[in-house]
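Asks:
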Amino acid sequence: MIKFVKLSKVYSNHFTALKDINLTISQNEFVYLVGQSGAGKSTLLSMVYRACKPSSGDIFIENYSLKNMPDSEIPFLRRNIGVIFQDYKLLPKRTVYENIAFALRVMHFSRSRIHRQVGQVLELVGLEHKFNCMPWELSGGEKQRICIARAIVNNPAILLADEPTGNLDPDTSWEIMMLLTKINTRNTTVVVATHNDKIVDALPKRVVAIEKGAIVRDQQLGRYDT
Ligand SMILES: Nc1ncnc2c1ncn2[C@@H]1O[C@H](COP(=O)(O)OP(=O)(O)OP(=O)(O)O)[C@@H](O)[C@H]1O
Ligand SMILES: [Mg+2]
Numbered sequence: 410m411i412k413f414v415k416l417s418k419v420y421s422n423h424f425t426a427l428k429d430i431n432l433t434i435s436q437n438e439f440v441y442l443v444g445q446s447g448a449g450k451s452t453l454l455s456m457v458y459r460a461c462k463p464s465s466g467d468i469f470i471e472n473y474s475l476k477n478m479p480d481s482e483i484p485f486l487r488r489n490i491g492v493i494f495q496d497y498k499l500l501p502k503r504t505v506y507e508n509i510a511f512a513l514r515v516m517h518f519s520r521s522r523i524h525r526q527v528g529q530v531l532e533l534v535g536l537e538h539k540f541n542c543m544p545w546e547l548s549g550g551e552k553q554r555i556c557i558a559r560a561i562v563n564n565p566a567i568l569l570a571d572e573p574t575g576n577l578d579p580d581t582s583w584e585i586m587m588l589l590t591k592i593n594t595r596n597t598t599v600v601v602a603t604h605n606d607k608i609v610d611a612l613p614k615r616v617v618a619i620e621k622g623a624i625v626r627d628q629q630l631g632r633y634d635t
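According to my numbering, the sequence shown is numbered sequentially starting from 410.
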């Protein structure tokens, strides 16, 4: 569960990016965040994994309040939250295997456990055969699959995707969304910020629309536009 309570964000230049956001996303939900460029979607997602702190209000992950969470707890928070981005953010000089294993190594898991978990997620995204490739040897869709594998390798309760199909062609975008749907059915809450109107309309889920930092629509099985 992710719960935003009276959440506002004013950036240091005094720009109000979010104002008075109240929103509850239940465990296992699949939610699209839509809205024009600059509406506040990325800002909202970044608060969940504490890349950015609210100016007022609070966020609860399950019943845990992030408001007074010390920065020293950020690594523990992020173990429960997988994040993927439009521009992948893979480590360019590491293999596919290393990119995914990295998150587990910092948790000091055993070699055999890392090997098993990386193998399982690579199989889930259908790229077992690419484990030894470098990121530059992959297509855009393959890179995004690897990012998804990396995001879910520790079995997080929440997966946040910030425009995951922004750089992909329609067919590949659809495959990526199918993969996110599959992950959602494995007990993972999925929140996708997107401009992809065709996918939102073809794969209807809850739609939360943001306009100038405020929620203007919250609709089950909604469409991209009203
Ligand atoms: N670090 C920052 N300092 C000041 N203003 C910022 C900062 N980051 C974002 N903003 C502003 O906050 C607003 C919301 O930005 P945000 O990135 O959340 O929008 P978005 O909905 O994700 O847009 P897009 O669809 O283009 O990704 C924008 O007007 C942006 O200029
Ligand atoms: Mg954004």
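From the three backbone atoms N, C-alpha and C, an ideal C-beta is built for every residue, glycine too.
Is the beta carbon of residue 414 less than 8 Å from the beta carbon of residue 467?
Replies: Yes, Cβ-Cβ distance for residue 414 and residue 467 is below 8 Å.
Asks: Specify whether the region 569-589 and the region 442-455 touch according to this definition: at least 3 beta carbon pairs, one from each stretch, less than 8 Å apart.
Replies: The answer is yes - the region 442-455 touches the region 569-589, with three or more Cβ pairs under 8 Å.
Asks: Count the other C-beta atoms from every protein chain shown that fall within 10 angstroms of the C-beta of residue 553, then say buried if there are 16 or more, exposed otherwise.
Replies: By the 10 Å Cβ count, residue 553 comes out buried.
Asks: How many Å lie between residue 525 and residue 535 at the Cα?
Replies: Those two C-alpha atoms are separated by around 15 Å.
Asks: Any contact of the region 621-632 with the region 470-485, i.e. 3+ C-beta pairs under 8 Å?
Replies: Output reads no: the region 470-485 does not touch the region 621-632.
Asks: Check whether the Cβ of residue 452 sits closer than 7 Å to any heavy atom of ligand 1, and report yes or no.
Replies: It does: the Cβ of residue 452 is within 7 Å (strictly closer) of some heavy atom of ligand 1.
Asks: From which residue to which residue does the alpha helix (DSSP H) around residue 620 run?
Replies: Unbroken run through residue 620 is the beta strand (DSSP E), 615-620; no alpha helix (DSSP H).
Asks: Provide the residue span of the alpha helix (DSSP H) that contains residue 580, from first to last.
Replies: Taken as a continuous stretch (DSSP letters only), the alpha helix (DSSP H) holding residue 580 covers 579-593.
Asks: If you follow the beta strand (DSSP E) that residue 431 is in, where does it begin and where does it stop?
Replies: Run containing residue 431: 425-434, per the beta strand (DSSP E) assignment.
Asks: Touching or not, the region 591-607 and the region 544-552, by the rule of three or more beta carbon pairs under 8 Å?
Replies: No, they do not touch.
Asks: Ordered along the chain, which non-local residues of its own chain (more than five positions away) have a Cβ less than 7 Å from that of residue 494?
Replies: The residues are 571.
Asks: Is it buried or exposed, residue 460, if we count other Cβ atoms within 10 angstroms and call 16 or more buried?
Replies: Counting Cβ neighbours within 10 Å, residue 460 comes out exposed, since fewer than 16 surround it.
Asks: Using a threshold of 7 Å, is the CB atom of residue 447 nearer than that to any non-hydrogen atom of ligand 1?
Replies: Yes.
Asks: To which residues does DSSP link residue 412 through a beta bridge?
Replies: In the DSSP output, where bridge partners are listed per residue, residue 412 has 433, 469.
Asks: Could you give the residue range of the beta strand (DSSP E) that holds residue 441?
Replies: Counting along the chain, the beta strand (DSSP E) containing residue 441 begins and ends at 439-443.
Asks: Along the beta strand (DSSP E) that carries residue 492, what are the first and last residues, could you check?
Replies: Start and end: 490-494.
Asks: Which term fits residue 520, buried or exposed, when burial requires 16 or more other beta carbons within 10 angstroms of its beta carbon?
Replies: Flag for residue 520 reads exposed.
Asks: Residues in its own chain within less than 6 Å of residue 436 by CB, not counting five upstream and five downstream?
Replies: These residues qualify, in order along the chain: 410, 598.
Asks: For residue 605, is the beta carbon positioned less than 7 Å from some heavy atom of ligand 1?
Replies: Checking the Cβ of residue 605 against ligand 1 gives no.
Asks: Classify residue 626 as helix, strand or coil using the three-state DSSP reduction.
Replies: DSSP places residue 626 in strand when its eight states are reduced to three.
Asks: Inspect the CB distances between the region 554-567 and the region 474-494 and report whether three or more fall short of 8 Å.
Replies: Yes, the region 554-567 is in contact with the region 474-494.
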